[in-house]
Ligand code: COA
């Protein structure tokens, strides 16, 4: 057991005791992504027979999300700002909900009372010498949820890296559950030949001294493979993963030329392997902050040469980006894409980059398409979009007429689809 000031000893309880604080009808916000407090969720799910209509608000659920499985709908209803493998089906089958919201604005929903928080389930480190617990790998909406909640229940996990920035006093936590367990890890993505070609094309747009935002997945990781010769790159990103560690260790990422927070890796959550978690642990150069700071487009824009790199499912010939729906089916969410597209768009020397393979479904579908699929939403508008990149090249859409945009996008479509797209454009005009 951690050595704790005796005046806090009554707060230390078992998970089962702590989760008794949840009542039917409550809204429970769960710590985000790899910061998910797994032991607390297990204890909440164990109470399913006694509870009804508990809303579980979450974003990227990395665990099995048992509360969203068939049979749980009387007890729990999941409400996601972003969907993943464990929650997508529940929404599709009408057993759970999806709420569209820019990641930067989620804290405002909690703080303003639009979505009042009854209980926040968070995960923290044991307190440090200053008496505060670190939020570890997830500050994002987790810190604002804890600051807005009636009741805060924290899993205290000694495997959680102690990161700089976001922290919470023991006084602000109502129940502490000491439970060590491995922090959730993200499997390394598969980087194939197509992703490498996209990575190389994107890397060609990035100047020395740039500050980077990198989304999740194979494409951002592939970009990092081609940045070895750059100098003094910086990180101001919603999240980062192992690829950034390798470039930092090679001296490519120094954060030295960042125009705000120089010398610091700034992010709102972390997702990777233990290599990442060991790198950030007690690292004075790493700072986590809530997402309404990190993803605020006006904060992002204060970085000169800000480069945002995100992916998409489809881009139509006007440049409208769908990054979250397959037809009428919600696949993921907006996340921080628009926050960073807008911030990079206002940054001096900034570029926002949407990078994706030219095809989907094993080459059967062109992601550069005449129209976004029926039923799908536009994630990034044609007015916000800047660069679109595929393995076939780079389309710079800013300042281009619709006619010239279509031509630039067709030029980076897969060759098998270029004629079809060009004929469709001619037919429409
Ligand atoms: N029609 C049918 N299927 C499609 C499709 C389409 N138009 N587009 C993609 N698919 C399929 C793919 O083929 C793939 O299926 P497979 O796994 O069987 O091959 C699947 O849908 C997923 O597509 P993929 O492009 O591989 O997804 P991804 O995991 O690389 O994620 C996004 C891409 C765009 C969904 C993801 O980056 C995202 O959610 N972005 C929005 C949020 C964001 O940008 N945040 C940034 C800050 S972190």
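Residue numbers (our numbering): 613 to 1041. Cβ coordinates follow ideal geometry from the N, Cα and C atoms, glycine included.
Mind checking residue i: buried by the 16 CB within 10 Å criterion, or exposed?
i, result
"residue 636", "exposed"
"residue 928", "buried"
"residue 979", "buried"
"residue 935", "buried"
"residue 1018", "buried"
"residue 840", "exposed"
"residue 849", "buried"
"residue 650", "buried"
"residue 794", "exposed"
"residue 617", "exposed"
"residue 712", "exposed"
Among residues of its own chain, excluding the 5 on either side of residue i, which ones have a beta-carbon nearer than 6 angstroms to its beta-carbon?
i, result
"residue 663", "636, 687"
"residue 789", "627, 630, 767"
"residue 994", "930, 931, 932"
"residue 1036", "982"
"residue 673", "696, 698, 699"
"residue 842", "820, 864"
Ends of the alpha helix (DSSP H) at residue i?
i, result
"residue 858", "854 to 861"
"residue 625", "Looking at the DSSP string, residue 625 is not in any alpha helix (DSSP H), and its letter there is neither H nor E."
"residue 1021", "1014 to 1023"
"residue 760", "754 to 760"
"residue 812", "805 to 815"
"residue 1033", "1027 to 1040"
Verify whether the separation of the beta carbon atoms of residue i and residue j is less than 7 angstroms.
i, j, result
"residue 1001", "residue 835", "no"
"residue 744", "residue 944", "no"
"residue 854", "residue 884", "yes"
"residue 751", "residue 902", "yes"
"residue 807", "residue 831", "yes"
"residue 577", "residue 845", "In the structure as shown, the chain begins at 613 and stops at 1041. Residue 577 is therefore absent and cannot be evaluated."
"residue 947", "residue 956", "no"
"residue 1066", "residue 647", "Here the chain has residues from 613 to 1041 only, and residue 1066 is not among them."
"residue 919", "residue 879", "no"
"residue 965", "residue 924", "no"
"residue 734", "residue 643", "yes"
"residue 1033", "residue 1024", "no"
"residue 950", "residue 714", "yes"
"residue 881", "residue 847", "no"
"residue 1003", "residue 809", "yes"
Counting only the same chain and skipping the five closest in sequence on each side, list residues whose C-beta sits under 8 angstroms from that of residue i.
i, result
"residue 638", "666, 667, 730, 731"
"residue 770", "614, 737, 738, 792"
"residue 942", "695, 700, 703, 704, 710, 936"
"residue 723", "756, 759, 760"
"residue 859", "836, 839, 840, 845, 865"
What is the residue span of the beta strand (DSSP E) that residue i lies within?
i, result
"residue 650", "Here residue 650 belongs to no beta strand (DSSP E); instead the alpha helix (DSSP H) covers 650 to 658."
"residue 999", "999 to 1002"
"residue 1008", "1005 to 1008"
"residue 920", "918 to 922"
"residue 734", "731 to 736"
"residue 888", "From DSSP, residue 888 is part of no beta strand (DSSP E) but of the alpha helix (DSSP H) over 886 to 892."
Once you ignore the five residues that flank residue i on each side, which residues in its own chain have a CB closer than 7 angstroms to its CB?
i, result
"residue 819", "917"
"residue 896", "776"
"residue 914", "871, 872"
"residue 720", "904"
"residue 801", "829, 830, 833"
"residue 874", "867, 868"
Alpha helix (DSSP H) segments (min. 4 residues) lying fully within the region 665 to 721: Segments of the alpha helix (DSSP H) lying fully in the region 665 to 721: 700 to 704.
Length at least 3, wholly inside the region 762 to 791: the beta strand (DSSP E) runs in chain order: 763 to 768, 779 to 781, 787 to 790
Can you list the alpha helix (DSSP H) stretches of 4 or more residues lying completely in the region 818 to 883, in chain order? 830 to 837, 854 to 861
Can you list, in chain order, the stretches of the alpha helix (DSSP H) that have 4 or more residues and sit fully within the region 917 to 963? 949 to 958
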